[in-house]
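Since the structure comes first, as structure tokens, the remarks are kept for the end.
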Amino acid sequence: MAQVPEGSMSAGFGLRKSFMSMTRPYFGSQNPLQRPVGCLLAAPRPPPPTPAPVPGQGAHSPRPLSCAPRATALDRYGLQKAGFTHVLNAAHGRRNVDTGPDYYRGMDIEYHGVEADDVPTFDLSVFFYSAAAFIDGALHADHNKILVHCVMGRSRSATLVLAYLMIHRNMTLVDAIQQVAKNRCVLPNWGFLKQLRELDKELVQQRRQAQHSDDDSEKASEKEL
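In UniProt numbering, the protein residues as written are 1 to 225.
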């Protein structure tokens, strides 16, 4: 097993402590790991950032983007009844949740697998953009519903949902965490939180550069006038 530098581990635990502080208003004093995860709860699909309830959907009806544990992904009848059209498995592989396209054969479900381990040293960031693109593509059609899952539905799958909100919905890491925490109890491991923080820094820098470029173009246009 790869050795983790002591400084990195301390920083990681600090990130997880901050994560717990941010989500406490939604979870209360209860440990998120002790909360039930049976129901499907989703990160709402902006815009708008906080949409109004969808008419005709009951309290337990899945929204277009849902994050759930393995049991939900294995329930073929439940998925079909709920109308899911896409599945993103963040724990793909024989040692984890061994489903794949063949498992959903004949169900009109598009599958995307990410073979990831839920350990702090695993580099999940290499899958951020491809997974986010799959989620975003699934949500282009209003009738589509996508399930993002891992084993427990708290770490790997939650991390990919957070990355999607940051990349395609222009949310900061803090905004994305708070948005998801309103709907689902999640707890990425500290290594994944560090990777999300790096993504946050990268996206902030990209947006600043884009804004500066737009400002320069606007000034150039004004001079021409």
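Even glycine gets a Cβ: it sits at the ideal position worked out from N, Cα and C. What you are looking at is a predicted structure, and each value in this text was computed from that prediction instead of being measured.
Among the options, nearest to residue i - alpha-carbon criterion
{"i": "Leu173", "options": "Asn183, Asn144, Leu65 and Val204", "result": "Val204"}
{"i": "Gly83", "options": "Gly100, Tyr164, Val114 and Asp142", "result": "Asp142"}
{"i": "Val186", "options": "Pro120, Tyr77, Ser213 and Val161", "result": "Val161"}
{"i": "Ser155", "options": "Ser213, Ala91 and Gln80", "result": "Ala91"}
{"i": "Val151", "options": "Lys201, Arg197, Ala116 and Tyr77", "result": "Ala116"}
{"i": "Leu199", "options": "Thr159, Pro120, Thr85 and His86", "result": "Thr159"}
{"i": "Ala163", "options": "Arg95, Asp75, Arg63 and Pro188", "result": "Pro188"}
{"i": "Pro64", "options": "Leu196, Leu139 and Arg197", "result": "Leu139"}
{"i": "Lys81", "options": "His212, Arg184 and Asp108", "result": "Asp108"}
{"i": "Phe192", "options": "Val87, Val114 and Val119", "result": "Val119"}
{"i": "Ile207", "options": "Gln179, Lys194, Gln195 and Asn170", "result": "The residue asked about is misnamed: residue 207 is Arg in this sequence, not Ile. For the residues Gln179, Lys194, Gln195 and Asn170, the minimum Cα distance to Arg207 belongs to Asn170."}
{"i": "Phe79", "options": "Gly93, Glu110, Arg94 and Arg95", "result": "With the sequence shown as reference, residue 79 is identified as Leu, and Phe is not the correct amino acid for it. Comparing Cα positions, the closest option is Glu110."}
{"i": "Gly93", "options": "Tyr77, Val114, Arg76 and Val87", "result": "Val114"}
{"i": "Leu88", "options": "Gly153, Tyr77, Glu202 and Lys194", "result": "Gly153"}
{"i": "Ser66", "options": "Asn183, Tyr77 and Arg95", "result": "Asn183"}
Anticipated Cβ contact below 8 Å, residue i with residue j, distance rounded
{"i": "Leu147", "j": "Ala68", "result": "6 Å"}
{"i": "His168", "j": "Asp136", "result": "5 Å"}
{"i": "Ala73", "j": "Val97", "result": "6 Å"}
Residue i and residue j closer than 7 Å at C-beta
{"i": "Phe134", "j": "His112", "result": "yes"}
{"i": "Ala176", "j": "Met166", "result": "yes"}
{"i": "Thr99", "j": "Lys145", "result": "no"}
The segment 122–132 touching the segment 92–107, judged by at least three CB pairs closer than 8 Å | no
Which runs of the alpha helix (DSSP H) spanning at least 4 residues fall entirely within the UniProt domain "Tyrosine-protein phosphatase" (50–205), listed in chain order?
-> 70–74, 76–82, 128–138, 156–168 and 173–181
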